[in-house]
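The sequence shown lines up with residues 73 to 195 when you count with the working numbering.
All C-beta atoms, glycine included, are put in the ideal place defined by N, C-alpha and C.
Since this is a predicted model, take the numbers as computed values, not measurements.
One structure is given below, encoded as structure tokens.
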Amino acid sequence: NLAEAHTDFIFSVIGEELGLLGTLTVIFLFAILIYAIFRVAITTKDIFQKYVVTGIGCWLILQVLVNLMTDVGIVPVIGVTLPFISYGGSSLIANCLALSFVLNVASREPQFKAARVARKAVK
Numbered sequence: 073n074l075a076e077a078h079t080d081f082i083f084s085v086i087g088e089e090l091g092l093l094g095t096l097t098v099i100f101l102f103a104i105l106i107y108a109i110f111r112v113a114i115t116t117k118d119i120f121q122k123y124v125v126t127g128i129g130c131w132l133i134l135q136v137l138v139n140l141m142t143d144v145g146i147v148p149v150i151g152v153t154l155p156f157i158s159y160g161g162s163s164l165i166a167n168c169l170a171l172s173f174v175l176n177v178a179s180r181e182p183q184f185k186a187a188r189v190a191r192k193a194v195k
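What follows is the structure, encoded as structure tokens:
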């Protein structure tokens, strides 16, 4: 029995219910998300937006790593949620707001606009 299975130890529950494949899938999805965030940070021209998007990427990396290390027992339980997965209203809202800023920055970049136009042309 885990004390806070739905918040602090959700990754352990995923591992218990879905096994190694489920945990590797979650880690892979976070890696894709963080890669996309840093790709937006690299391509943007505005220095402020570059710093903010990089900070958001680092924040998500830190949240994921601390939560995974808490589940493994490397660090003590400090209440860091797993982004977009753990139960926690304020954490989910903060993560969604941060991701919406990244999407806003990405939507203003010329190469992402060209990709959107090309995608619409295919339909």
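Query	Result
How about Val-177 and Val-125: do their beta carbons lie closer than 8 Å?	yes
Using only alpha-carbon positions, find the residue among Gln-183, Val-138, Arg-111 and Asp-143 that is nearest to Val-174.	Arg-111
State the start and end residues of the unbroken alpha helix (DSSP H) segment that holds Thr-232.	The chain is shown only over 73 to 195; residue 232 falls outside these bounds and no answer can be derived.
Considering only their Cβ atoms, is the gap separating Thr-95 from Tyr-159 smaller than 8 Å?	no
Given this structure, state the Cα-to-Cα distance separating Phe-120 from Gly-127, to the nearest angstrom.	11 Å
Mark Gly-145 as exposed unless 16 or more other C-beta atoms lie within 10 angstroms of its C-beta, in which case mark it buried.	exposed
Which residues mark the beginning and the end of the alpha helix (DSSP H) in which Pro-182 is found?	182 to 194
Hey, Phe-100 and Leu-154: beta-carbon distance below 8 Å or not?	no
Given a cut-off of 8 Å on the beta-carbon distance, is the pair Ile-106 and Leu-132 in contact?	yes
Given this structure, state the Cα-to-Cα distance separating Leu-134 from Ala-186, to the nearest angstrom.	32 Å
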